[in-house]
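Data block below; observations after.
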Amino acid sequence: MTTRVAIVGGTGKLGGVIREVVEAEEGYEVFAVLGSRSDLAELDGADLVIDASTPAVSIDVVRAAIERGINVLVGTSGGRTSASPSSCARGRCRSLLPSIEIVEAHRETKVDSPSGTAVRTAELIAAAREEIGPVQSPHVDQRARGQQVASVPIHSLRRPGVIARQETVLSGAGESLSIVHDTIDPTTAYAPGIRIAIAAALEARGVVVGRRRHQRMKTRIAVGLMTVLLLLYIVLAGQRSVVLLASGDGVGIAMGVALIVLPLIALWAIGRELWFGVRAQKLGEILDAEGALPHEEVALRPSGRATRDDADALFPAYRADVEQHPGDWRAWYRLGVAYDASGDRRRAREAVRTAIALEKSDRPAA
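Have a look at this one:
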């Protein structure tokens with residue numbers, strides 16, 4: 069079955085890239101390309117709407133798609149989101165370097181400023197600094213100091229000869245750190261993300277910002293389905309066990325008891341695993357927000373997993389951290405991540421379970 073895709077803003081730069089990706093992707097076809105003079109009624113008949121227009125138009129596009137019961141993927145730059153972020157490109161330096169500013173540059177035809185990427189970066193930085201206070205931004209009353217977004221100054225350049233560039237400058241006493249991202253070829257750079265977003269948008273429900281919530285939702289649906297199937301089995305097995313218990317035969321009674329006990333054991337095991345998954349995810353989110361998760365670059369296999377040699381090389385540092393701080397749940401969690409990267413699931417689970425137990429003991433008494 070072919071998915072019919074309508075692209076709003078398809079005559080623009082980003083829209084053109086999206087159109088190329090959709091046309092090259094098996095199972096998708098460009099159903100309609102809408103420009104500034106198009107009527108949103110042209111969305112009728114589409115299976116998916118991709119919005120690459122402007123913030124002023126985007127609201128109407130989303131509303132029109134919702135009214136037609138069509139999922140919409142918004143790639144419009146310059147909008148805002150109220151979603152609570154759990155991470156950003158900040159690392160631990162967010163708390164050590166108090167002054168942060170963003171300089172972003174795009175082609176002269178980009179109408180919105182600051183860019184949506186810069187705005188999102190500033191919001192994520194501010195969220196990561198909630199416990200330590202806002203960014204230090206002196207003389208913000210001067211217009212030349214840039215636009216303030218979540219206390220972070222953003223400076224926008226619009227000039228020919230550039231596609232997209234963002235520099236985040238973090239400064240402290242006697243030092244400065246710059247993180248620069250340059251887009252050189254938009255088709256090559258954006259195509260992988262566009263493919264992932266298109267596939268995810270078809271299945272998404274509600275408002276989803278980024279990939280993480282969508283991935284978690286798929287996992288929860290799978291776990292929920294398994295639980296429902298087990299409960300159904302317990303009901304059917306319970307009915308059968310009643311018949312066997314009423315038979316009066318010793319073997320039948322034993323089988324009836326087994327039909328009741330074994331599913332209950334399985335239900336207990338699933339509940340235990342669900343609790344483990346929820347707690348492990350929660351601790352991971354805490355470390356992610358702190359910028360304290362392992363961040364080393366390692367070689368990956370085609371499957372996306374780390375190569376064994378590179379993963380094994382991580383152990384000495386994280387093992388030493390655990391030995392130096394045996395009561396630190398963060399150290400144990402990081403060790404678990406290192407074990408998991410190498411494929412050692414048993415030790416990974418043991419380390420994470422230790423982290424969960426230590427974190428629980430660290431909580432203040434109610």
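Quick note on numbering: my numbering labels position 75 of the sequence shown as 143, and the sequence is numbered without any gaps.
Just so you know, even glycine gets a beta-carbon here, dropped at the ideal spot from N, CA and C.
> In angstroms, rounded to a whole number, what distance separates the CA positions of S183 and I170?
Replying inline: If I take the Cα positions, the gap works out to 11 Å.
- Query: Which whole-angstrom value is the C-beta distance of S205 and P221, which I expect to be below 8 Å?
  - Reply: Yes, they are in contact, since the Cβ atoms of S205 and P221 sit about 5 Å apart, within 8 Å.
Own chain residues within Cβ distance below 7 Å of V346, not counting five before or after:
A distance below 7 Å between beta-carbons, with the five flanking residues on each side excluded, links V346 to no residue of its chain.
Evaluate contact between the region 138-145 and the region 95-110, counting only Cβ atoms and requiring at least three cross-stretch pairs below 8 Å.
The region 138-145, when compared against the region 95-110, does not touch it at the 8 Å Cβ threshold.
Backbone secondary structure at G84 - three-state DSSP:
Taken through DSSP and simplified to helix, strand or coil, G84 comes out as helix.
Quiz item: Starting from R421 and walking both ways along the alpha helix (DSSP H), at which residues does that stretch end?
Solution: Note, R421: alpha helix (DSSP H), R413 to D430.
Q) Any idea if R414 is buried or exposed, counting beta-carbon neighbours within 10 angstroms, 16 or more meaning buried? A) Its Cβ having fewer than 16 others within 10 Å, R414 is exposed.
- When burial is assigned at 16 or more other CB atoms within 10 Å of the CB, is K428 buried or exposed? It is exposed - the Cβ of K428 has fewer than 16 other Cβ atoms within 10 Å.
- Query: Hey, how far is the Cα of R72 from the Cα of D115?
  - Reply: Spanning the two alpha carbons is a distance of roughly 5 Å.
- Using 10 angstroms around the beta-carbon of G77, count the other beta-carbons present and answer buried if the total reaches 16, otherwise exposed. By the Cβ neighbour-count rule, G77 is buried, with 16 or more other Cβ atoms within 10 Å of its own.
### Message
Can you confirm whether the region 321-333 touches the region 353-362 when touching is taken to mean that 3 or more C-beta pairs between the two stretches lie within less than 8 Å?
### Response
The way I'd put it, the region 353-362 doesn't touch the region 321-333; fewer than three beta-carbon pairs between them come closer than 8 Å.
(message) Please return the same chain residues whose Cβ sits closer than 8 Å to the Cβ of P254, not counting the five positions on each side in sequence.
(response) If we look at P254 and ignore the five residues flanking it on each side, its Cβ neighbours are K81, L82, V85, I231 and A232.
**Q.** Identity of the residue in M294, E198 and E176 nearest L225 by Cα
**A.** Selected option, being the one with the closest Cα: E176.
_Outcome for S315 when other beta-carbon atoms lying within 10 angstroms are tallied against a minimum of 16_ = Counting the other CB atoms within 10 Å of its CB gives S315 a total below 16, which places it among the exposed residues.
Problem set entry | Own chain residues within Cβ distance below 6 Å of D250, not counting five before or after | Cβ neighbours of D250 beyond the five flanking positions: R233.
Note to self: So, at 6 Å on beta carbons, what are the nonlocal neighbours of V217 in its own chain, with the 5 sequence-adjacent residues on each side left out?
What the structure shows: If the five residues before and after V217 are omitted, its C-beta is found closer than 6 Å to the C-beta atoms of V187 and A190, all from its own chain and listed in chain order.
A385 to V248, Cα distance in whole Å? Answer to the nearest angstrom: the Cα atoms are 28 Å apart.
- Message: Looking only at its chain, what residues have a beta carbon closer than 6 Å to the beta carbon of V203, apart from the 5 residues adjacent to it on each side?
- Response: The residues are I168, S219 and V220.
Exercise. Taking E97 as part of the beta strand (DSSP E), name the residues at either end of that continuous run.
Key: For E97, the enclosing beta strand (DSSP E) covers residues Y96 to L102.
According to the neighbour-count rule (16 or more other Cβ atoms, all chains shown, within 10 Å of its Cβ), is S121 buried or exposed?
Buried: at least 16 other Cβ atoms inside 10 Å.
Cβ shell of G395 (< 8 Å), same chain only, five flanking positions each side left out: The beta carbon of G395 is closer than 8 Å to those of L426 in its chain, skipping five residues each way along the sequence.
Cutoff 7 Å; reference S239; Cβ partners in own chain excluding five residues on either side:
Hits under 7 Å: L165 and S167.
- Give the DSSP-derived three-state secondary structure of S155 in the structure shown. Bear in mind that a pLDDT of 32 at S155, under 50, signals an unreliable position, so the number given afterwards is only what the model happens to contain. Reduced to three states, the DSSP call for S155 is coil.
Practice prompt. Reducing DSSP to helix, strand and coil, say where D119 ends up.
Written response: In the structure shown, D119 falls within a strand segment according to DSSP collapsed to helix, strand and coil.
Is Y407 closer than 7 Å to A416 when the C-beta atoms are compared? Going by beta carbons, A416 and Y407 fall inside the 7 Å limit.
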